[in-house]
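Heads up: the sequence shown at position 50 corresponds to 50 in the working numbering, and the numbers run straight through without jumps.
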Amino acid sequence: MAKVKLIDVANYAGVSKSTASQYLNGRFDYMSKDTQERIRQAIAALDYVPNPIARNLKAEKTNTIGVIVRDITGFYTSKVIRGVDDFCKQQGYNALIYNTDFDPEVEAKSLESLYQLRVDGIIIASSGSNTKLINDYIKRGMQIVHFQLEHDGSERNIILSDYKKAAFDATEYLIKLGHQRICFVTQDFQNVKSRHERYQGYVSALSKHGISEDKGLVQYWQRETGLQQSLDNILKTARPTAFFTQHLPITIELLRRLNQANIDIPKDVSLLGFDDIPMAEFFKVPISVVKQDPYQIGIESTKLLLNNISGESNKAHKSLIPCSLLKRESCRKI
1 MAKVKLIDVA NYAGVSKSTA SQYLNGRFDY MSKDTQERIR QAIAALDYVP NPIARNLKAE
61 KTNTIGVIVR DITGFYTSKV IRGVDDFCKQ QGYNALIYNT DFDPEVEAKS LESLYQLRVD
121 GIIIASSGSN TKLINDYIKR GMQIVHFQLE HDGSERNIIL SDYKKAAFDA TEYLIKLGHQ
181 RICFVTQDFQ NVKSRHERYQ GYVSALSKHG ISEDKGLVQY WQRETGLQQS LDNILKTARP
241 TAFFTQHLPI TIELLRRLNQ ANIDIPKDVS LLGFDDIPMA EFFKVPISVV KQDPYQIGIE
301 STKLLLNNIS GESNKAHKSL IPCSLLKRES CRKI
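Here it is as structure tokens:
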């Protein structure tokens, strides 16, 4: 079946293509009621559906934003997207979601696609590998707001959790339970400012309570390969009484390894994770966590973006969203 075009609607209604286009865009000022009705009937009779992409390419404003995330299936990310979508609906906007699977090349292509679709702005959890490209789009007039990760601190508009305070509070909680050998398990944080702030919070809490930092208690995890050191080696050499993990996948891997080694939580070792675990309250031993508020981060990111699109603010803006500490049975006093 041939696709119905705008010219088909115009011919059916006996009007010009320009008049039919004006009708679709709600411009009725100089259009008679009879003309409006003929066009309406033509649209209904032909089952005409406007092409939103074609209309966007011509419009100065599309009421559409793009959202670029690293893993759309993630518990944190899905909550952010819900916040973005809910706020967009309230404001009469649509959101286009692009998933990168942590691939900088896919991220670059996603930016290009959204720019070509003439979205009004973009919310992005950036890989940090496309900073120049992102800045180029900003120079061309694209409004961009970052969330989740701050890389080198050059991100002009960004919404984040208050990572430093959250890590400080969690570490101090473990210290007050009597733990002095707290193993901080993290991804590499040297080139990611927001990850480094978690480390700073951890170190600050140790310092406040007169505990010297032991580099052996800082352990690393990679997405592709997992823990750099075996659990057995960490327990023997670092001798932690508690683990403080900085990412949900790290917590899950550590839980699996502790279970395989028949190590009892919290009798043998305490565990506190960054990011809540879905249905954690139903675990045999519910895990204590630092809980972010990704839904609110989605709301605030969208609010900031739409304010910038409307021209209400041109100043650089950074917001920190508070986290909360959920104390469960995985941490015990020693």
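All C-beta atoms in this analysis are idealised placements derived from N, C-alpha and C, irrespective of residue type, glycine included.
Note that the structure is a prediction, hence the values are computed from the model and not measured.
Taking 9 Å as the cut-off, the Cβ atoms of residue 305 and residue 138 do not count as close. Secondary structure at residue 151: coil, using DSSP grouped into helix, strand and coil. Burial is judged here by how many other beta carbons sit within 10 angstroms of a residue's own beta carbon; residue 30 has fewer than 16 and is exposed.
The bridge partners DSSP lists for residue 222 are 226. Here residue 183 carries a strand assignment [DSSP, helix/strand/coil]. Separation of the CB atoms of residue 242 and residue 269 is rounded to 6 Å, and the pair is thereby assigned contact status at 8 Å. Following the DSSP letters along the chain, one finds residue 317 inside the beta strand (DSSP E) bounded by residues 317 to 321.
The beta-carbon separation of residue 83 and residue 297, rounded to 7 Å, stays under the 8 Å limit for a contact.
Two segments are said to touch when three or more pairs of C-beta atoms, one from each, lie closer than 8 Å; by this definition the region 178 to 187 does not touch the region 144 to 151. Residue 272 has its alpha-carbon roughly 10 Å from the corresponding atom of residue 286.
The region 155 to 170 and the region 217 to 230 do not touch, with fewer than three beta-carbon pairs separated by less than 8 Å. DSSP places residue 157 in the uninterrupted beta strand (DSSP E) bounded by 157 to 161. The residue from 290, 3, 41 with its alpha-carbon nearest to that of residue 168 is 290. According to DSSP, residue pairing for residue 69 in a beta bridge involves 99.
Look at residue 18 here: in three-state DSSP terms it is helix. Of the candidates 95, 131, 136, 108, 95 places its Cα closest to the Cα of residue 120. Residue environment for residue 50: exposed (fewer than 16 other C-beta atoms within 10 angstroms of its C-beta). If you look at residue 208, you'll find it isn't in any beta strand (DSSP E); it sits in the alpha helix (DSSP H) that goes 193 to 208.
Counting other Cβ atoms within 10 Å of its Cβ, residue 266 reaches 16 or more and is therefore classed as buried. Taking 9 Å as the cut-off, the Cβ atoms of residue 175 and residue 123 do not count as close.
Taking C-beta atoms as the reference points, residue 308 and residue 130 fail to come closer than 9 Å. At the C-beta level, residue 292 and residue 274 come within 9 Å of one another. For residue 194, same chain residues with a beta-carbon under 7 Å away, outside a window of 5 residues either side, are 149, 150, 160, 163 in chain order.
Non-local beta-carbon contacts of residue 134 in its own chain, meaning distances under 8 Å to residues more than five positions away in sequence, involve 111, 124, 126, 144 in chain order. The DSSP-derived three-state label of residue 74 is coil. Looking at the DSSP output, residue 244 shares a beta bridge with 184, 272. For residue 326, the uninterrupted beta strand (DSSP E) segment begins and ends at 324 to 326. Only buried fits residue 247, as 16 or more other CB atoms lie within 10 angstroms of its CB.
Going by DSSP, residue 121 is part of the beta strand (DSSP E) stretching over 121 to 124. Under the 8 Å Cβ criterion, the region 96 to 107 does not count as touching the region 32 to 49, having fewer than three qualifying pairs. Taking the CA atoms as reference points, residue 206 sits about 7 Å from residue 213. Residue 81 carries a helical assignment under DSSP once its states are collapsed to helix, strand and coil. In this structure, the straight-line span from the alpha carbon of residue 128 to that of residue 188 is close to 13 Å.
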